[in-house]
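In my numbering, the protein residues as written are 1 to 163.
Just so you know, even glycine gets a beta-carbon here, dropped at the ideal spot from N, CA and C.
Contents: one structure, followed by commentary.
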């Protein structure tokens, strides 16, 4: 994380999966937008009590307003910096994003992102989960319809256009 990075949006209960044939299973985490990068935090040092309380508050808020452009209490740039020391967490530079778009599905809203990671192109899908089943494996049972447009516009406005 860079010293002048500031969190612009913080969304919990994110289900990330690869798009495409034989994409494999997804994973749960947080999606964090800063003024320079997009982060997917799969492993956090944040306390479980904090996670549960914020996740419940987020579901209520998103059912009312749908806008994902909000910063949650109790998690700041210092927490993100600590979490990014774990190699399981993913940092996506805005300029490594080839395509980003919000899509509406019958079951919920998705954020579709195509990125360059190393020399490979990856197609990812992020969605906000309202309800989970925890046994035998953590998996979403119900997704939320949210408004990703602010996040998409923010990233597109910050990207450096090159030919």
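message: Bridge partners for residue 143 per DSSP, in chain order?
response: 129
query: Using the C-alpha atoms, what's the distance from residue 97 back to residue 123?
result: 10 Å
query: Can you tell me the Cα-Cα spacing of residue 121 and residue 33, whole angstroms?
result: 21 Å
Neighbourhood of residue 79 by C-beta, 8 Å cutoff - its chain only, sequence neighbours within 5 removed: 44, 45, 46
query: Mapping DSSP to helix, strand and coil, what is residue 123?
result: strand
query: So residue 79 is in the alpha helix (DSSP H); what residue range does that whole segment cover?
result: 77-83
task: Using the Cα positions of residue 13 and residue 63, report the straight-line distance between them to the nearest angstrom.
output: 14 Å
task: Taking only the alpha-carbon atoms, compute the straight-line gap between residue 109 and residue 125 and give it to the nearest angstrom.
output: 10 Å
Buried versus exposed, by CB contacts within 10 Å (16 or more), residue 93: exposed
- request: Name, in chain order, the residues that DSSP records as bridge partners for residue 15.
  value: 28, 127
query: In whole angstroms, what separates the C-alpha of residue 147 from that of residue 70?
result: 12 Å
- prompt: What distance in whole Å lies between the Cβ atoms of residue 11 and residue 128, which are believed to be in contact at a cut-off of 8 Å?
  reply: 6 Å
task: Could you spell out the range, first to last residue, of the beta strand (DSSP E) harbouring residue 102?
output: 97-104
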